[in-house]
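Worksheet: one structure, shown below.
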Amino acid sequence: MSLDVTTDKDTGVAVVTLDRPDRLNAIDLTTRDELVAAWRAFRFDDAVRAVVLTGAGERAFCTGLDRDAVVPQPGSPYMTDDPLLRVGPKSNDLWKPVVAAVTGMACGGAFYLLGEADFVVADPTAAFFDPHTTYGMVSAYESMLMALRMPYGEAARMALMGSAERLSARRAHEIGLVCEVTEPGAALAAAVDCATVIAGYPAQGVQGTVRALWAAREAALAQAFAQAPHLIALGNLPGERQEELFRARRRAFRTR
Numbered sequence: 004m005s006l007d008v009t010t011d012k013d014t015g016v017a018v019v020t021l022d023r024p025d026r027l028n029a030i031d032l033t034t035r036d037e038l039v040a041a042w043r044a045f046r047f048d049d050a051v052r053a054v055v056l057t058g059a060g061e062r063a064f065c066t067g068l069d070r071d072a073v074v075p076q077p078g079s080p081y082m083t084d085d086p087l088l089r090v091g092p093k094s095n096d097l098w099k100p101v102v103a104a105v106t107g108m109a110c111g112g113a114f115y116l117l118g119e120a121d122f123v124v125a126d127p128t129a130a131f132f133d134p135h136t137t138y139g140m141v142s143a144y145e146s147m148l149m150a151l152r153m154p155y156g157e158a159a160r161m162a163l164m165g166s167a168e169r170l171s172a173r174r175a176h177e178i179g180l181v182c183e184v185t186e187p188g189a190a191l192a193a194a195v196d197c198a199t200v201i202a203g204y205p206a207q208g209v210q211g212t213v214r215a216l217w218a219a220r221e222a223a224l225a226q227a228f229a230q231a232p233h234l235i236a237l238g239n240l241p242g243e244r245q246e247e248l249f250r251a252r253r254r255a256f257r258t259r
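All the letters of the sequence shown, read from the start, carry residue numbers 4 to 259 under my numbering.
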């Protein structure tokens with residue numbers, strides 16, 4: 004198992020942990036399927052009233068899609084499959100609150116998950132960046148989700164600067180991507196505390212509020228997502244060239 008799920012029946016809080024620290028909690032197809040299964044199971048589990056999502060270890064919350072993952076694709080360019088498109092809770096019709104606790108790196112495909120969390124609590128070590136452009140790839144779904152969570156200029160800068168810059172926990176808090184920066188090592192506990200409070204309220208009102216908040220965003224997101232496959236097909240370099248750029252990646256970056 005690459006996902007650890009624990010549930011406290013007394014508080015009604017489930018903690019979902021991406022448990023691949025040796026791979027910086029990158030998501031392979033097995034992890035993707037386990038996440039989908041977890042979100043779907045929570046829909047039917049009335050004992051779970053709030054969820055915390057985090058990553059194992061101190062180095063990363065999640066670094067997106069595992070580059071070693073082999074993603075089968077149809078032969079037609081009109082039916083390209085994005086392996087992470089349905090990886091988040093909202094994409095699986097889970098209308099229970101999800102709080103993300105971020106320690107270390109959160110980049111690239113991690114934004115599929117953060118984009119569908121209701122709010123984000125961060126450790127001071129949290130660092131957010133989107134490396135797509137560095138490797139000749141279009142940041143489509145990720146930047147669309149982030150453009151609804153942070154000021155446009157900040158979302159654009161993060162997407163366009165690629166791996167040359169990282170957004171610190173402090174800056175992420177200043178622009179509203181993160182709602183709280185905790186003391187070192189305390190992000191998970193703080194997220195669980197928030198989830199415990201929320202889980203103590205009547206579930207119908209909480210779930211209706213989650214659904215209402217998402218409704219304010221989903222029309223714009225649906226229109227944007229409709230454009231994403233074409234933008235990716237037009238803008239992505241061939242896979243071999245992406246791999247060359249990845250292997251030759253620069254290590255230097257600035258954090259702001």
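Note that CB positions come from ideal geometry on N, CA and C, so glycine has one too.
Count the other C-beta atoms from every protein chain shown that fall within 10 angstroms of the C-beta of residue i, then say buried if there are 16 or more, exposed otherwise.
i	result
Leu237	exposed
Arg259	exposed
Ala41	buried
Leu216	exposed
Phe114	buried
Asp71	exposed
Pro187	exposed
Arg43	exposed
Arg35	buried
Ala225	exposed
Gly91	buried
Ala251	exposed
Tyr155	exposed
Gly242	exposed
Gly118	buried
Glu247	exposed
Once the 5 residues before and after residue i are set aside, which same chain residues still bring their CB inside 7 Å of it?
i	result
Phe256	Ser166, Ala167, Glu168 and Arg169
Phe45	Ala17, Val51, Val54, Leu97 and Lys99
Glu3	Residue numbering for the chain in the displayed model covers 4 to 259; residue 3 lies beyond these limits and cannot be assessed.
Gln76	Thr83 and Asp84
So, for residue i: in the same chain, excluding its five sequence neighbours on each side, which residues have a beta-carbon less than 6 Å away from its beta-carbon?
i	result
Ser142	Asp133, His135 and Ala162
Gly112	Gly67, Leu68 and Leu87
Leu191	Thr57 and Ala104
Taking the alpha-carbon of residue i as reference, which of the options has the nearest alpha-carbon?
i	options	result
Val200	Pro100, Leu87 and Pro24	Pro100
Val74	Tyr138, Ile30, Asp49 and Cys110	Ile30
Gly179	Cys65, Ala40, Val124 and Leu21	Val124
Arg174	Glu186, Met153, Val55 and Ala190	Met153
Phe131	Met140, Leu116 and Gly139	Leu116
Thr83	Thr20, Ala229, Ala40 and Asn28	Ala229
Cys197	Ala219, Leu38, Gly15 and Gly139	Gly15
Ala218	Ser94, Ser79 and Gln76	Ser94
Val195	Gly91, Tyr81, Cys110 and Phe122	Phe122
Leu6	Cys182, Gly203 and Arg26	Arg26
Arg254	Arg214, Thr137 and Ala189	Thr137
Thr10	Asp22, Leu248 and Asp48	Asp48
Glu61	Asp126, Cys110 and Gly91	Asp126
His233	Ala59, Pro80 and Ala63	Pro80
Gly107	Gly118, Ala63 and Gln76	Ala63
In the DSSP output, what is residue i paired with across the bridge?
i	result
Val184	Ala125
Ala103	Leu56 and Val123
Phe132	Cys110
Leu21	Leu6 and Gly58
Lys65	Reading off the sequence, residue 65 comes out as Cys, not Lys. In the DSSP output, where bridge partners are listed per residue, Cys65 has Ala109.
Arg257	Glu168
Asp48	Paired residue(s): none; Asp48 is not in a bridge.
Asp71	Asp71 is not bridged to any residue.
Ile178	Looking at the DSSP assignment, Ile178 forms no beta bridge with any residue, so it has no partner.
Could you give the C-beta distance for residue i and residue j, rounded to a whole number, given that I count them as a contact under 8 Å?
i	j	result
Gly78	Leu240	Actually they do not touch by this definition, with Cβ atoms about 20 Å apart.
Ala223	Leu151	7 Å
Ala109	Cys65	6 Å
Closer than 8 Å by C-beta to residue i: which residues in its own chain qualify, once you throw out the five before and the five after it? Chain order, please.
i	result
Val213	Trp98, Lys99, Pro100 and Asp121
Met4	Asp22 and Glu37
Arg244	Gly139
Val39	Arg89, Val90 and Asn95
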